[in-house]
Amino acid sequence: MGVEQKLGNLGVVTYRLEDVVNWGRTNAMWPILFGLACCAIEMMSTQAANYDLSRFGMELNRPSPRQSDLMIVAGRVSRKMAPVIRRLYDQMPYPKWVIAMGDCASCGGVFNNYAIVQGVDEIIPVDVYVSGCPPRPEALIDGIMTLHEKIRNDKLTDWA
Amino acid sequence: MKRDDMVVEKLRAALGDAVEEVSDFRGERTVYIRKDRLIDACRLLRDDPDLRYNFLADIVADDHLPDYPRFAVNYHLMSMPNKHRLRLRVWVEDPDDGPPTAADIWVIATWLEMEVWDLMGVRFAGNGSLRRLFLPEDWQGHPLRKDYPLGYEEVQFSFNWQEIDAKKPYAKQ
Amino acid sequence: MGLLIPQASDTIQELSVEELRAKVGTGMEIVDAEEHMLLSMGPQHPSTHGVLRLLVELDGETVVNLAPDIGFLHTGIEKTMENKRYVKALVATDRMDYLTPMSNNLVYTMAVEKLLGVEVTPRAKTLRLILAELSRLASHLVWLGTSALDLAAMSVFLYCFREREYILDIFEMVSGQRMMVSYIRPGGLWRDVPEEFVPAVRKLLDFMPAKIADYEALLTHNPIFEMRTQGVGTISSEDAIAWGLTGPSLRASGVDWDLRRDQPYLDYASYDFKVPVETAGDVYARYLVRIQEMRECLRLIRQGLDRLKPGPVNIDDHKIVPPPRAELGQSMEAVIHHFKLWTEGFSAPEGFVYQAIESPRGEIGCYLRGNGTNKPARVHFRGPSFVNLASLPLMSKNRFIADVVAIIGSIDIVLGEIDR
């Protein structure tokens, strides 16, 4: 049943603006093409044939931060990389979201040492943490679903 | 094991006292070379028609704190024609006065020495491009030294969650 | 191109050459700072295979000079391993070269075993060989997919990852993890492979040759692919040896050298396999070598499966390998061994060893020094990607900037292993 049958001849549908905006934001979310370490390979697996992330409108990875609205921090963040990530994040236009994929990005993981930032949330605000080392593609998809859920409940007044 | 002995004989014959010591462990031959004669030894090992160690696999620095001399630099050589491996080991007393660069013998040495300098802080004499390779430019210290701390941060568990959460530097928008 | 410099990029034009060199931090010789363009490529770039940053001096589209800037993934793996016990340190090796964790496990484990002076059982050796070759296959599949993607061949990527998933399922079957397996352990393996392992691998052997033929049909005689790769990034055999190239990149330059055959470990000496060698030394030759290597992998795995005999996979020394779970309920000695091993670990004697094996990228070496305690005093890895990257400036000099992408893809670098 298509939406046309519901319209009749009116050509107008009344709906809450907030829901329409959030629907649009969830279903065409473009992640930045940006991988750091092992998790990036699982992120590639998620986008490849078997798991097919394009089912969620996310097949389009933008290499430029200016065109993307989701950053999936896939892998460990070193002290040298940290300023770069912050800069990439600052270059992304609002609204923007961050998924910390994997243990290293979430909390430092097994590498509790001088070189690794203990959690990317020290540099950029994180919306969803995905656990696993590396997380299975299903886990990443679950993280993305959680983020979609979060966005659906966003209030537009919060962004103003 | 015949080739192992032949190498040492050749080195002793050509360079005399440059060979400080020879040791075997688990079937691997290690030749300790005096630091100032290293380049002569390398050149002989590469150019001698019977030896032909044409491939430098790796340079590894080792920190023996609290022993003296503290640093040792290992050169893992390989001879592709003879299918033989050999390790040269050089003691380094002062890390700022390290062994001479082997870049004239094997080009790749420049690159490998950069890694050693960055992480262990052994300065190779004559290598012009010693700079930070892995770490940021303004990094202090050389992390693989034994007196450099691992940099452990306290881990959050449920019993100390609040306490650590309060001082964690969370980023703002 | 992802133009991103960690420092403020707008001020870079006003600097003198010396200041500029200090600023960009790669120590690159800048030939002509007035006329030429300096391009910073990466660390966030779709085709640098991770977080590699390249500083490129361009004359129009031609590369005058190029310097890699690495360290954006420096993890301190060596330092971390020196602070862990021998078995616990194993988990860090998986995360180093994350496309072929089995090879990393293998080289570290073999170094530990060499230091301890133990010899593993025949079944463990055969299984290690099969698993190492499976992970070589998986790694080459990722290489083929991503490097073809860099040259805009999208479908190869999807096909390769489809087959890779099958291999990852096998890894998950044996170890419980898709990528970070930590399966090959000092003294043998974590446990024996399950019953379904052999049929699953046989199935892979049945369908894989046709898939490799598919990839070849897509790429080998594809005129666009040929034009992008033939004669690009050539390196002579003398240069390749001098610059320490190993693995398929070395064999593509006409040097017939493979550690599996020339300094055999495990039981490679008794296996029948070819070492593919090409002489052109360009990107296309490296592609051909790896494609043929994938076929040789299948031959090796088939021979391994045929030789697989039942038997123990772990050595009988419970000072190194924990006793089987069933024994813990019956034997006090087993409980003590179990407790000692998981609280204290085993101690290795004083001495140092270097173990090298042929990983999919080349010679991966592990230098290990024990000092009589239960932690390694020094662990060092010779990352083949790290050494292979050193010759990138040589290969890409006087080529177009678009060729640099093809060359990076062809030397098959993994940044986790470069930066460690």
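So the sequences go chain by chain: W, E and S.
Each residue of the first sequence is one higher than the last, beginning at 1 in our numbering.
Each residue of the second sequence is one higher than the last, beginning at 161 in our numbering.
Each residue of the third sequence is one higher than the last, beginning at 334 in our numbering.
Ideal placement from N, C-alpha and C gives every residue a C-beta, glycine not left out.
DSSP places Phe719 of chain S in the uninterrupted alpha helix (DSSP H) bounded by 717-722. The C-beta of Lys162 of chain E comes no closer than 8 Å to any C-beta of chain S.
For Met513 of chain S, the residues of chain W that pass the 9 Å Cβ criterion are Cys38, Cys133, Pro134, in the order they occur in the chain. Take the alpha-carbon of Ile265 of chain E and the one of Ala575 of chain S: they are about 9 Å apart. Leaving aside the five residues that flank Arg197 of chain E on each side, the residues in its chain whose CB is nearer than 7 Å to its CB run, in chain order, Leu175, Ala178. Where Pro401 of chain S is concerned, the enclosing beta strand (DSSP E) starts and stops at 395-402.
At a beta-carbon threshold of 9 Å, none of the residues of chain E lie near Gln377 of chain S; the nearest stands roughly 17 Å away.
In the structure shown, the three-state DSSP call for His671 of chain S is helix.
Taking 9 Å as the cut-off between beta carbons, the residues of the region 412-425 of chain S near chain E are Lys412, Thr413, Glu415, Asn416, in sequence order.
Neighbourhood of Pro329 of chain E in chain W, by CB distance below 8 Å: Glu122, in chain order.
Using beta-carbon distances, Glu323 of chain E does not count as an interface residue toward chain W, since no partner is under 8 Å. For the pair Ser718 of chain S and Ile746 of chain S, the CB atoms are nearer than the 8 Å cut-off. Around the C-beta of Pro682 of chain S, fewer than 16 other C-beta atoms lie within 10 Å, and the residue is accordingly described as exposed. Residue-level contact check: Lys447 of chain S touches chain E, since one or more beta carbons of chain E fall below 8 Å from its beta carbon. In the three-state scheme derived from DSSP, where H, G and I count as helix and E and B as strand, Val220 of chain E is classed as strand. Taking every protein chain shown into account, the CB of Val77 of chain W has 16 or more other CB atoms within 10 angstroms, so this residue is buried.
Under a criterion of Cβ atoms nearer than 8 Å, the residues of chain E adjacent to Gln596 of chain S are, in order, Lys243, Arg245. In this structure, DSSP gives Asp392 of chain S an extended state, which the three-state scheme calls strand. Beta-bridge analysis with DSSP links Thr190 of chain E to E:Ser183, E:Arg247. The C-beta distance from Pro519 of chain S to Thr442 of chain S rounds to 5 Å, short enough to meet the 8 Å contact threshold. Residues of chain W with a Cβ closer than 7 Å to the Cβ of Leu295 of chain E are, in chain order, Lys80. Here the region 396-410 of chain S makes no contact with the region 482-498 of chain S; the two share fewer than three CB pairs at distances below 8 Å. Where Ile500 of chain S is concerned, the enclosing alpha helix (DSSP H) starts and stops at 487-508.
With a threshold of 8 Å between beta carbons, Gly577 of chain S makes contact with chain E. Leaving aside the five residues that flank Ile141 of chain W on each side, the residues in its chain whose CB is nearer than 8 Å to its CB run, in chain order, Thr46, Tyr51, Leu53, Phe56.
In the three-state DSSP reduction, Ile653 of chain S falls in the coil class, being neither helix nor strand. Taking 9 Å as the Cβ-Cβ cut-off, the region 106-130 of chain W approaches chain E at Cys107, Gly108, Asn112, Asn113, Tyr114, Ala115, Ile116, Gln118, Gly119, Val120, Asp121, Glu122, Ile123, Ile124, Pro125, Val126, given in chain order. Per DSSP, Trp476 of chain S is one residue of the alpha helix (DSSP H) stretching across 455-483.
Contacts with chain W at 8 Å (Cβ-Cβ) include Lys332 of chain E. Not flagged as an interface residue toward chain W: Glu275 of chain E, since no C-beta distance is shorter than 8 Å. Rounded to the nearest whole angstrom, the C-alpha separation of Tyr620 of chain S and Glu273 of chain E is 31 Å. Closest in C-alpha terms to Lys708 of chain S, from the list S:Val364, S:Glu415, S:Ser508, comes S:Glu415. The C-beta distance from Asn721 of chain S to Ile697 of chain S rounds to 11 Å, too long to meet the 8 Å contact threshold.
By the rule that beta-carbons nearer than 8 Å mark a contact, Val622 of chain S does not touch chain E. At least 8 Å separates the beta-carbon of Arg291 of chain E from that of Gly258 of chain E.
Residue state for Gly698 of chain S is assigned as strand, using DSSP reduced to three classes.
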